[in-house]
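Q: After the structure tokens below, expect a handful of questions from me.
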Amino acid sequence: MDMLFVLTALIVVFALGFDFINGFHDTANAIATSVSTRALPPRVAVLMAAVMNFIGAITFTGVAKAITKDIVDPFALGNGELVILAALIAAIIWNLVTWYFGIPSSSSHAIIGAIAGAAIMAAGFGILNYSGFLKIIQALIFSPIIAIAMGFLVMTLFKFIFRKSTLSTTNRRIRILQIGTAAIQSFTHGTNDAQKTMGIMTMALIAAGWQSSDDIQLWVRIAAATAMGLGTSIGGYKIIKTVGGKIMKLRPVNGAAADLASATVIFGATLIHLPVSTTHVISSSIMGVGSAQRIRGVKWGVARKIVITWIITMPIVGIMAAGIYYLLDLVF
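The opening residue of the sequence shown carries number 1 in full-length UniProt numbering; numbering runs sequentially from there.
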């Protein structure tokens with residue numbers, strides 16, 4: 001059997017595996033607030049998130065094209081199949097480790113850092129598309145900052161709107177609203193996160209010489225959307241616990257504000273074709289919401305641990321991917 005075909009098939013399998021893991025790893029963030037505030041039972045929230053993730057995933061392709069061409073040029077990448085396979089293996093390992101320990105790390109950071117690390121090992125630092133790569137890094141850095149500000153603004157607006165209502169009345173009304181905001185949150189997650197796997201699969205097809213453009217084929221879109229939807233249906237309750245309760249004590253009004261803030265930031269990034277970390281954005285919006293109420297209400301020790309994980313993910317996974325590429329190159 002042709003080795004190129006075997007490697008490409010392996011990449012597709014690992015890419016869909018990464019998307020599946022992303023489903024139960026990152027989508028937990030999208031429904032954490034609605035589950036923690038008891039606006040939705042966990043099973044209903046997970047099922048709704050799975051459906052909305054699928055719909056979001058097949059609706060857009062701009063982020064997928066950015067992943068395909070903005071980190072490295074897939075048309076100029078020698079040993080491209082091994083680079084992509086090494087990146088996927090490293091990102092999957094990191095996602096599973098952080099999921100096991102309930103750490104809401106970023107799958108986006110993981111896969112982007114992994115592609116860069118494996119590509120550098122294969123062809124040196126010159127292989128990076130620095131303009132596109134720096135644009136992605138800027139989006140990953142600034143989106144959490146924007147999410148904190150957005151969370152603060154939305155929560156401040158909610159406080160003004162519901163200033164004359166009792167807490168019990170406000171929470172009862174907001175729980176109904178939060179069902180809608182959780183659905184929107186899951187949809188926007190699909191529009192951005194599932195795109196990354198589509199981009200990786202397209203990179204593999206280009207590297208194998210089976211595709212001559214960065215267009216995202218229909219079967220790639222459906223396969224990635226399905227894998228993420230199935231992963232979402234498994235759920236990620238360890239991460240729900242961290243995001244939904246350990247950053248701050250959430251009430252329905254807090255959860256709805258955080259959902260609206262983070263969904264706005266994620267969807268805005270999707271519209272301008274920028275991949276962002278949904279984990280970062282959602283966690284940051286919760287911090288912003290907490291700050292609008294009471295700075296001390298945010299458990300900054302937990303937030304600090306999350307931020308540290310954000311910072312270390314890309315370099316660690318990049319080094320892992322470089323090492324895995326070196327081993328794969330010896331084997332193949």
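Positions of the beta carbon are idealized from the N, C-alpha and C atoms, including for glycine.
How about residue 259 and residue 65: are their beta carbons less than 8 angstroms apart?
A: Contact flag unset, no.
Q: Whole-angstrom Cβ separation of residue 152 and residue 291, contact assumed at under 8 angstroms?
A: With 8 angstroms as the limit, residue 152 and residue 291 qualify as a contact, their Cβ atoms being about 6 angstroms apart.
Q: Below 6 angstroms CB to CB, which residues in the same chain sit around residue 61 once its five sequence neighbours on both sides are set aside?
A: Within the same chain, residue 61 has close Cβ partners 216.
Q: Short check: CB of residue 88 to CB of residue 11, under 8 angstroms?
A: Result yes, Cβ atoms of residue 88 and residue 11 sit closer than 8 angstroms.
Q: Please confirm whether residue 263 and residue 184 have their CB atoms less than 8 angstroms apart.
A: Cβ atoms of residue 263 and residue 184: closer than 8 angstroms.
Q: According to DSSP, which residues form a beta bridge with residue 72?
A: DSSP, once it has assigned bridges, lists 128 as partnering residue 72.
Q: Rounded to the nearest angstrom, what separates residue 172 and residue 156 at their Cα positions?
A: In a straight line, the C-alpha of residue 172 is about 19 angstroms away from that of residue 156.
Q: Measuring straight from C-alpha to C-alpha, what distance separates residue 71 and residue 328?
A: The straight-line gap from Cα to Cα measures roughly 21 angstroms.
Q: Helix, strand or coil for residue 163? Go by DSSP, reduced to three states.
A: Correct three-state label for residue 163: coil.
Q: Pop quiz: residue 255 and residue 53 are said to be a contact at Cβ under 8 angstroms. What is the actual Cβ separation, rounded to whole angstroms?
A: Rounded, the Cβ-Cβ distance is 19 angstroms, inconsistent with contact.
Q: For the alpha helix (DSSP H) that contains residue 53, what are its first and last residues?
A: It spans 42–59 - the alpha helix (DSSP H) in which residue 53 sits, taken as one unbroken run.
Q: Would you mind stating whether residue 23 and residue 230 have Cβ atoms separated by less than 8 angstroms?
A: Result yes, Cβ atoms of residue 23 and residue 230 sit closer than 8 angstroms.
Q: Taking 8 angstroms as the limit between beta carbons, can you name the residues of its chain near residue 319, skipping five residues before and five after?
A: Answer for residue 319: 117, listed in chain order.
Q: Counting beta carbon pairs with one atom in the segment 100–115 and one in the segment 191–198, are three or more of them shorter than 8 angstroms?
A: The segment 191–198 is in contact with the segment 100–115.
Q: Leaving out five residues on either side along the sequence, give the residues of the same chain with a beta carbon under 6 angstroms from the beta carbon of residue 42.
A: Closer than 6 angstroms at Cβ, skipping near neighbours: 35.
Q: Does DSSP classify residue 251 as helix, strand or coil?
A: Of the three classes helix, strand and coil, the one that applies to residue 251 here is coil, per DSSP.
Q: So residue 179 packs on residue 252, CB below 8 angstroms; how close in whole Å?
A: 10 angstroms between Cβ atoms; not a contact.
Q: So, with DSSP's three-state summary, where would you put residue 276?
A: Reduced to three states, the DSSP call for residue 276 is coil.
Q: Go ahead and pull the three-state DSSP assignment for residue 195.
A: Reduced to three states, the DSSP call for residue 195 is helix.
Q: Is the distance from the Cβ of residue 187 to the Cβ of residue 257 below 8 angstroms?
A: Their beta carbons are not under 8 angstroms apart, which means residue 187 does not touch residue 257 by this criterion.
Q: If you follow the alpha helix (DSSP H) that residue 108 is in, where does it begin and where does it stop?
A: It spans 107–123 - the alpha helix (DSSP H) in which residue 108 sits, taken as one unbroken run.
Q: Can you give me the C-alpha to C-alpha distance between residue 126 and residue 45, rounded to a whole angstrom?
A: Approximately 45 angstroms between the Cα atoms of the pair.
Q: Where do the N-terminal and C-terminal ends of the alpha helix (DSSP H) with residue 221 fall, by residue?
A: Where residue 221 is concerned, the enclosing alpha helix (DSSP H) stretches over 218–234.
Q: For residue 244, name the three-state secondary structure that DSSP assigns.
A: Residue placement at residue 244 cannot be trusted, given a pLDDT of 45 that sits under 50; what the coordinates show is reported in the next sentence. Reduced to three states, the DSSP call for residue 244 is helix.
Q: Using a Cβ-Cβ cutoff of less than 7 angstroms, which residues in the same chain neighbour residue 223 once the five nearest sequence positions on both sides are dropped?
A: Once the five neighbours on either side are set aside, the close Cβ partners of residue 223 are 16.
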